[in-house]
Each structure stands twice: as C-alpha cells, then as structure tokens.
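Heads up: the sequence lines are chains Z and V, in that order.
Position in the first sequence (from 1) plus 103 gives the number in our numbering.
Position in the second sequence (from 1) plus 103 gives the number in our numbering.
Encoded as structure tokens, the structure appears first; notes follow it.
Protein chains: 2
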Amino acid sequence: MIGIKDVARAAGVSQATASRALSGRGSVSEQTRDRVRAAAADLGFQVSYHASSLATGRSRNIGVVLPYVNRWYFSTVLGGLTRQIIDAGYDLTLYDFRGGLHRQSVLNDFLLRKRLDGVITVGLRLDDADATRLLSLGIPIVSIGGSLPGIASLTVDERAIGRLTADHLVSLGHTRIAHIGGEHESDLYFHISRSRREGYHASVDAAGLERRSAWSVISDYTVNSAYAVAKSLLADPHNRPTAVCCASDEMAIGVILAARDLGLHVPEQLSVIGVDNHPLGAVFQLTTIDQFVEEQGTRAALALLDELGDAQEGSSGVLPGLSELPLEMVVRSSTAAPDETQNPTFQ
Amino acid sequence: MIGIKDVARAAGVSQATASRALSGRGSVSEQTRDRVRAAAADLGFQVSYHASSLATGRSRNIGVVLPYVNRWYFSTVLGGLTRQIIDAGYDLTLYDFRGGLHRQSVLNDFLLRKRLDGVITVGLRLDDADATRLLSLGIPIVSIGGSLPGIASLTVDERAIGRLTADHLVSLGHTRIAHIGGEHESDLYFHISRSRREGYHASVDAAGLERRSAWSVISDYTVNSAYAVAKSLLADPHNRPTAVCCASDEMAIGVILAARDLGLHVPEQLSVIGVDNHPLGAVFQLTTIDQFVEEQGTRAALALLDELGDAQEGSSGVLPGLSELPLEMVVRSSTAAPDETQNPTFQ
DNA sequence: TACGCCACCGGAAGCGGTTCCACATTCGAA
DNA sequence: TTCGAATGTGGAACCGCTTCCGGTGGCGTA
C-alpha cells in the first residue's frame, strides 16, 4: 500500500511538504504543489482516512440516526440527506435502530465511538439522559422532527398541518369530518400524532362542528393499517363521516381503497385528504399537504454542514431555515363539497 | 477526552495491558482484567476507533452502495442489511449514488478511502474497470442482484420469476397475456428486466400462445409509470389482453388502478400478477411472487460478515446460501380464470 | 535442585498522516 | 543598505491505540 511518504520521495520533497501540498493547508510553492500532485496521481495515492482522522480529529463522517429505513418518510428524508452529504465529500454512517430494538445500543455504543463529525437524527424522541449523552459527544447535532433542548431542530408546524387539512374540508362545507391519526404515545413520531390531531380539533371546534369520538380513530402510518381502520369507520351508512382527515398520505390511500371496496365514491360520497405529497398520491388524485419531505433532509444536511464549516456556497449563516419549514396545499380531486343527495340521512 | 492511558493509570497497569484487557486479545489475569474494566467503565472510556483502526487495519465498517435509497426495493434490502450489520457491531456507511449521478465519484473517491472492511453492492451494474477497481481494494465484496466476475454474488433466478408469473396465468387458461417490464438498457436493474421478460416469452411460447408486440410494454418500476402505460395498453376493448404479467408489484398496482379507472373488474375482466410481495399487495389482493427482499439483505450481510470472520453463530461455511435465493408464489385474488362472458370478442 | 515452559506484564515501535517549530530565502519598506 | 515580515521547506513530535518483543516469576517435571 502506498503512503504519503512514497509520494514525498517520488516528488523529492519532505513528507510534511507533501502533506501540505495535497491538503491545501499551509503554504507550498506552486510548482512544488504540482509536482506532488503529479506524483500522487501517478502512484494512485489515497490518503488513509484513519490516519488523517487520528491526526486532525476530524473524520469527514456524518451519522444519521433513524428508526425505520424502509418506511417511505424516512427513506425519502435519507435520500435528501445523502445527496448533500456526499456532495460535500462526507461519508454517511447510517444507524437504523428498527423501531427501538437497537435503540440503546445505537445510543450507547455506536454513537460514542468518536468517529463522527456530526449527527442528524430523524423522528427520534430522546429522553434527557439520551440527549445529554448525545450532547456530550461535543459535536454538532441536528434533529429533524423533534425539538430537543440544546439541539438544533428542524420541525414542521404539525399543528398547522392538522388545522390546514381540516380547514380545507370545513371550507368545502363538510360538517361530518373524521380524523385518522397515529398513536400518541408511540415512540415514533411522538408529538407529531398529537399535534396533528390537536390541529384538527382546533379547526373543527372553530367551525362549531360536532366532534364524535367514534370519528377520531387511531392507526399506524401505513396503507394497510388505515385500510382496516377505515373499513369499520365507514361501515355504517347512517353514521359515517363525509370527509376524512388523515395524518399521512399512506393513511389516506388506505381510506380511499377501503371506500372503493365499500362501494363509496370519492369524492362524491367521501372526501379524503392526506399529508406528505407522497408520489402515490397523484394516481389516487389525492388532495394533500406537501411537507417537502426530501427537502427536510436537504435542509438538515445543509444546516449541519454549515455548522461544520463546509457549507455549499451561498448557504452560510446560522442554521439557515431551521425550524421554519414550508407547507403547501396540493388540491386534487379526492376532496369536494359534500353532495347530500349521495348520502343517507345523518343520524 | 480520556484515553486508554488514563484507564491504565487508574488501574495501575501499563497501557499495553489495559489494551489487552479491554480487547480480549492476549493474556491478562482475571483480576487485572476486572480492574481495568472497572476503571474504564468508571471513567466512561470509549476507544477511539480512528486510532484503533489505524493500528489494526480494520475499521469495523461496511460500505453499502446502491442507486436509490428512497425506492422500496432498495430501502427494504437496506433494512435487512442494517439489522445484521449493527448486530455484528459494525458500522454501515451508505453510498447512494442517486441513479448514476454520483456514480463515478462514489466509485473513485469514496470507496477507495480504505476505511471499509467490506462492501455490499445492491442492483449495481459495474463495468470491468469499476469491478477491477473495487477488487483492488482487497476487501471482500458481496453483490446483490448482479453477477460480476470475481465478486461473490447473490442473485435470484430472474428468468424463473418471469416464467412463473406467466405460467400461473397460462395455467388459469389465459391466452392473451401481456407483459410490463423495465427498460433493458437501463443502468439499473440491468439484466433483471431482460431476464424476466425472457422468462415470460419462454412460458408463453411453450404454451403455444400468440405474442403480440403491442402487449410487451416498457415502464419503469413505479406505480405511476405503470399506471400510465396500462391506461393505453387496456384502452381498446377489442384488443386488450385478459391478463398482465408485471415485473414488479408496484407496476402491478399501477395496472390494477388503471383497470379500475377504466371500469374493468379485476380479476373478472383482467388478471394481474406482480413480483416482490410488496406490503401494499395485500390491500390490492395482488397475486405475486415473493422474492424475500429483506432477506436478500440479511443474507448478503451474513455472507459478508462470514467472510470477515464475524458471522453470527451457526452461519459459518463458505458464503452460505449465496446465489440460491428462494421464491414463493403468493396467490391472492387479482388473478382468476378468464371469464369470456365478460370480455368482448377478441380480434 | 535445576531446568523449561507458560502465563502475565511493560517498554517501545509502529500504524500513516498532520502540524508545530525552526530555519533559510526572498522581498518590500524604512 | 538594513531589517522585519512573509514565504517555503524539513525535522520531529504527536494523534491514541495495538502488538511485537523481551523480561519476570511461578509451576511441573526430570
């Protein structure tokens, strides 16, 4: 394996100069630099990152911690992260703790190995002990979807999301609006489920509409789970809602499928709205709120890189855009004004 | 930052002994070991992996290279990989080259940094130059879904998949069977698309059925794309197939949705079969072939760990199970015998 | 009793870079 | 012309850990 001392010898300079020439730090004359570079290219030299990291204390490596790589939201965020991180010349180390299974092990053993320059957590609820431990690493941390004391967080206004979805249905004239959201106490998504539901409550209350507890149901964020839940929510023709607010597009798709299988027409008999702007939404003509999931990843990565002093040009500043993510309503045809002729009398 | 020499001092031993006690290599008396361990725990000592890696040459780090983290197949494989890799105490470094964009950069710059103990590639077509470069790293490589000279590969029998899907439709009595597959020349999935289509051809030919070129269509592997393609494939009532063989479940779902939107009943008027056993398949009652995607990841990881000498108990042996992945037909109700009364005369 | 073996341990040499410091040149300003 | 600063370079310390090598002391055996 060829090392920097081979390059130095080949270029006829000292190892120190070779290092300076290649890293760009310190001053080296133009021609020496060229000579060293040529020699390095010639020999196919690649720095040993272990050695380099040991000497500099920096590893050009960013850790990403999340619960489920194989779920749409997380893999999409991850897609946004990888692009920026790779572009900046960093490596990305992935810690998937699979819904809590390896949570402690990741937090205790892996993250503390001091091989990271920064950490990005996605959808992770940390208790105080975990947070202190993370902070004790002494490296910058950015958290997506969770506000933690002392940790830079990038959050969307979950309450606004809940309100916007319900507002849309209210403004169309619906008076029987159900909500399908996540489990409040779940380790994942933690406050997200609660906040979105609260937003829905706020909207419905503001409109002076009745809130039936039977219309406030819980599901996990998958199509399959929402499908099952919707089947019973929509079962009784005389007590069903005319519109359903879902906490995610996947849930909304589950509802649409359930409605179809029950013979209900969307949107004539049932309006459905989701959240995410999931790619599948288009084919279901799903009205939704785009929360720019991939861009959440992009922004978090840029914020972290910025703090590491490796930001892309133009993005300097203090944690640009953190905690202020955009939302955008995408109106398609899964929502419409309620058509009372199509619905049996409400009881 | 506290280092091993602090631990050594606290335990009253030399640095060498402290290292041996903590790593388990070399012989140390029981009580010394305990004393060192206590001291280490006491001080909250964590080895520096940079230093450790530099000294040993091993980094406990596995690289995973794939084209799109945010697509179902890849994120699911990745899910299988992470579990095994984390369990074995390794870190996982993710290189997502986003469909080719960063391909060369990943191959040239990142992978060569000598910080990996092994590499797993997923769905990656390498040319000879790339393969040699990868092999020149001198570390074990396992490839999922691509057979490369000199690289241990884990492949499914794509041709068999194509044949099985078509055989199922043939055995139900269908005579007008279409196929929706991927682009042959695409960089991704490379031979997969071709082989699956060949399997379909073989099956249809063996049954002595007509093969219309209009029924052999190309789409990418997403719901949306297949939806669009199916819309035109199924448009003409007098020339449409009674069954569609799809190269993936997502494609199949696109076809089912298109059929519904065209007012066609599945399976009465159209049988649809896919490949993958995608979780969404259940809700569409989709008949499919399970190719155990997550397990592909699991197996690849185990094979690599095995080669690294860190296999889990019971999985020793030479690359266990490589190149012999299981397939399993999952029959649901998106396929049925053709009901000629439901279809207009074939022209 | 003497010897060899072995378990245990410490000193010190790496692993492969980076960077502090010292030194020699060159150059501009006083 | 002289002096200080800036620039370019090499020697060597150092990053933190592992492991080779050699030196103890205890034990079993001849």
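Just so you know, even glycine gets a beta-carbon here, dropped at the ideal spot from N, CA and C.
Computed from a prediction, not measured in an experiment: that's the story for all the values here.
- Contacts between V/L197 and chain Z, judged by CB atoms closer than 7 Å, involve T185, L195 and L197 in chain order.
- Shown here, V/Y198 sits in a strand according to DSSP, grouped into three states.
- When Cβ-Cβ separations below 7 Å define contact, Z/G182 makes contact with chain V.
- Assigned with DSSP and collapsed to three states, Z/A350 falls in coil, not helix or strand.
- Going by DSSP, V/T224 is part of the beta strand (DSSP E) stretching over G221 to V225.
- A Cβ-Cβ distance of about 7 Å is found for the pair V/L257 and V/S246, placing them in contact under the 8 Å criterion.
- At a cut-off of 7 Å between beta carbons, Z/H153 contacts chain V.
- Relative to the Cα of Z/E443, the nearest Cα in the group Z/L336, Z/I359 and Z/T345 belongs to Z/T345.
- Contact between the region 128–140 of chain Z and the region 119–134 of chain V is absent: fewer than 3 CB-CB pairs across the two stretches fall below 8 Å.
- For V/Q149, a Cβ of chain Z is located within less than 7 Å of the residue's own Cβ.
- In the DSSP assignment, V/G115 falls outside any beta strand (DSSP E) and carries neither an H nor an E.
- Around the beta carbon of V/E313, a 10 Å sphere encloses fewer than 16 other beta carbons of the protein chains shown; the residue is thus reported as exposed.
- Every alpha helix (DSSP H) stretch that sits fully inside the region 264–323 of chain Z and reaches 4 residues is listed by chain position as 293–309.
- Here V/S328 is not near V/S335, since their CB atoms are 7 Å or more apart.
- Taking a beta-carbon distance threshold of 7 Å, Z/K108 does not count as an interface residue toward chain V.
- The Cβ neighbour count for Z/I105, taken over all protein chains shown within 10 Å, is under 16; the residue is labelled exposed.
- Pairing Z/R299 with Z/E261 gives a Cβ-Cβ distance under 7 Å.
- Of all alpha-carbon atoms in Z/V259, Z/G226, Z/G249 and Z/V209, the one lying nearest the alpha-carbon of Z/R236 is that of Z/V209.
- By the rule that beta-carbons nearer than 7 Å mark a contact, V/K334 does not touch chain Z.
- The region 385–414 of chain Z is shown to contain whole alpha helix (DSSP H) runs of 4 or more residues at 396–410, in chain order.
- Neighbours of Z/A385 in chain V, taken as residues at a C-beta separation under 7 Å, are given in chain order as N327.
- Within chain V, T325, V326 and N327 have C-beta atoms less than 9 Å from the C-beta of Z/P382, given in sequence order.
- The DSSP-derived three-state label of Z/V369 is coil.
- Under DSSP, the beta-bridge partners assigned to Z/L169 are Z/D199.
- V/V386 and Z/R402 have their C-alpha atoms roughly 35 Å apart.
- Judged by their CB atoms, Z/Q187 and Z/A404 are nearer to each other than the 7 Å cut-off.
- Just so you know, the alpha carbons of Z/L197 and Z/T185 end up roughly 10 Å apart.
- Interface residue (Cβ-Cβ distance to chain V less than 7 Å): Z/V172 is classified as such.
- Contact with chain Z is absent for V/S436, since none of that chain's Cβ atoms lies less than 7 Å from the residue's Cβ.
- For the region 201–219 of chain V, the residues whose beta carbon sits under 9 Å from a beta carbon of chain Z are, in order, R201, L204, H205, S208, V209, D212, F213, L215, R216, K217 and R218.
- Not one beta carbon of chain Z lies nearer than 7 Å to the beta carbon of V/T401.
- Under a 10 Å Cβ-count criterion, Z/S126 is classified as exposed, with fewer than 16 other Cβ atoms of the shown protein chains found around its own Cβ.
- Z/L240 carries a coil assignment under DSSP once its states are collapsed to helix, strand and coil.
- For Z/D379, the secondary structure class from DSSP, reduced to helix, strand or coil, is strand.
- Counting only Cβ-Cβ distances below 7 Å, V/S122 has no contacts in chain Z at all, with the closest Cβ about 16 Å away.
- A Cβ-Cβ separation of about 28 Å leaves V/L430 out of contact with V/Q372 under the 8 Å criterion.
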